[in-house]
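In this text, residue positions in the sequence shown follow this note's numbering: the first is 17, and each later residue adds one.
Just so you know, even glycine gets a beta-carbon here, dropped at the ideal spot from N, CA and C.
Just so it is clear, the structure is predicted and the values come from calculations on it, not from any experiment.
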Amino acid sequence: MLNSDIYNRRRQNLINLMGKGVAILKGAPEQIRTNDTEYPYRQDSDFFYLTGYTEPGAACIIDPSNKENPFTLFVLPQDPKKEVWTGWRLSFEDTVEKYKADQALDIAEFETAALAAMKTSSKVYTNLNHDKVHQYKMLDHVGQVRKEVQRTGGGPEGLESVGSLTHGMRLIKDEHELELMQKAADISADAHSKAMEACSPGMYEYQLQAVLESHFVHEGSAGPAYTSIVGAGDNATVLHYIKNRDQIVDGDMILIDAAAEYDMYAADITRTFPANGKFSEAQKAIYEVVLKAQKAVIEASKPGVTFQELHDMDLRLLVEGMIEIGLLKGTADEVIQNESYQDYFMHKTGHWLGLDVHDMGNYMADGESIVLKPGMAFTVEPGIYVNSKSKAPEKFRGIGIRIEDDIVITESGNKNLTAAVPKEISEIEALMKKG
Ligand code: GLY
Ligand code: MN
Ligand code: MN
């Protein structure tokens, strides 16, 4: 059951932020995969956040200056011949009822209605992301309306991203969102434990991918929140390795970065473990450095701390650890200054998490790093990647390690949504022995 009150509340918040503006939004377009078959449909996150609407072919106008119909949903009309192919569509009356819209109209009326709504608004907000056709049309409409109002005055001054308003809203998760994120996290956490249990040398990376993704779907997820990464040995040192085709060799470390999307919300988990269930000394040395940094950053995540402070802490701990085990030379200050750590740690400590796996929302405001507040959700994911071509001591080459959990800031500290997947060496070895 759709809780339409949640989306109604968000639209009210948007209206308060828009002033005399109007939001004219298009749902995500369908994407062709091959010839005439499409990728599974995924609604635009901002459109979903404000409407709860997940079907293709939609648009909406949120127009506080339209006193009768401030919220209009435009949808595909009922059409029995088409519906037998793609599924039943709601009538306009039922659409109004389900989504708490003031009116529902045929999508064919959208462009004309958009032009009319622009004339009575001083600012037009729309989704400026991947749908270029929609963006060009909106720009064209604004240009046309500007010409029409030249002698009468009024009309929009320009086109703004609705994200400039919604992304700030989306940064703080409400109760409903946190429930869904916990569910996505639970499914993903179980899947990681299952993959650890199932793993043995000789298997193929894609077979572990199958263990994870089968569990996602079995538990009601729409599928992976992003393309699963299952990299064994040197493949674990490639940050966006998604081929997942190689055979797993005894002695490899395996890095799995995979998680489910549940009811539109993403989890994002990485675990790294030895293929044969037992860490070698070199694997253990790097793993312990990453684990220590990851745990310390999670511990430090609380209201009042900035995102940048977490990254600085992570970087220093990784650098100190890498010097200690002989991966880097010099003092921690020197290494941070000359950035030689970039050979092995080349990404940020984390990112916002929510409807998008790399969720929207600024990391900086007025030149300063964002201060953490209750309801903010993000990943903590330090890593060390020593590829086979690196100049590191031989024993470390071909080891890539990342450990990633999903954290929500609470009033008193934080909650780790993905704490259920083992990450201590002893826990991982015990689970794999059982498998
Ligand atoms: N799975 C993508 C990331 O960790 O950022
Ligand atoms: Mn991540
Ligand atoms: Mn990840």
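Pairwise C-alpha distance: residue j and residue i
i	j	result
Gln59	Glu46	9 angstroms
Asp118	Phe108	11 angstroms
Lys411	Glu193	44 angstroms
Glu191	Trp104	31 angstroms
Tyr220	Asp262	6 angstroms
Lys36	Lys83	13 angstroms
Met134	Met154	10 angstroms
Val149	Phe295	52 angstroms
Ala381	Gln324	12 angstroms
Glu54	Gly383	42 angstroms
Val158	Glu176	11 angstroms
Leu452	Leu131	Here the chain comprises residues numbered 17 to 451, so residue 452 is not present and cannot be evaluated.
Leu326	Ser317	7 angstroms
Arg413	Ala283	30 angstroms
Ala129	Ile78	11 angstroms
Met392	Ile423	8 angstroms
Ile123	Gly239	29 angstroms
His231	Ala205	10 angstroms
Gly218	Pro409	27 angstroms
Gly461	Leu144	There is no way to answer for residue 461, as the model of the chain reaches only from 17 to 451.
Asp268	Ser428	40 angstroms
Asp147	Leu41	11 angstroms
Ala276	Glu125	36 angstroms
Assigned exposure category for residue i - 16 Cβ within 10 Å defines buried
i	result
Lys199	buried
Asn260	buried
Gln225	buried
Thr365	buried
Ile302	buried
Glu420	buried
Gly174	exposed
Met376	buried
Asp349	exposed
Pro96	exposed
Met280	buried
Met34	buried
Trp368	buried
Met197	buried
Ser244	buried
Asn354	exposed
Ser237	buried
Per DSSP, cross-strand counterpart(s) of residue i
i	result
Gln263	Tyr220
Leu33	Note: Leu33 sits in no beta bridge, so no partner.
Ser385	Met380
Val424	Ala393, Lys431
Thr70	Answer is none; Thr70 lacks a bridge partner.
Val100	Bridge partners of Val100: none, in fact.
Tyr278	Tyr281
Asp273	Ile245, Thr286
Phe87	Ile78
Tyr401	Gly416
Thr53	Thr50
Pro409	None; Pro409 has no bridge partner.
Gly239	Glu277
Ala39	Ile78, Tyr141
Within-8 angstroms CB hit, residue i to chain D
i	result
Asp202	The structure shown contains no chain D; it holds only a single protein chain.
*Can we say the region 240-255 touches the region 399-407, given the rule of at least three CB pairs closer than 8 angstroms?*
yes
*Per the contact definition of three or more C-beta pairs closer than 8 angstroms, is the region 286-294 in contact with the region 308-315?*
no
*Would you mind listing the beta strand (DSSP E) stretches within the region 117-189 that are 3+ residues and don't spill past its ends, in chain order?*
119-122, 139-142, 175-177
*Could you tell me whether the region 173-180 touches the region 206-226, using the rule of 3 or more Cβ pairs below 8 angstroms?*
no
*asked:* Can you confirm whether the region 79-95 touches the region 120-138 when touching is taken to mean that 3 or more C-beta pairs between the two stretches lie within less than 8 angstroms?
replied: yes
*Is the region 239-251 close to the region 327-347, with three or more CB pairs under 8 angstroms?*
no
*Counting Cβ pairs closer than 8 angstroms, one from the region 58-75 and one from the region 156-170, do we hit at least three?*
no
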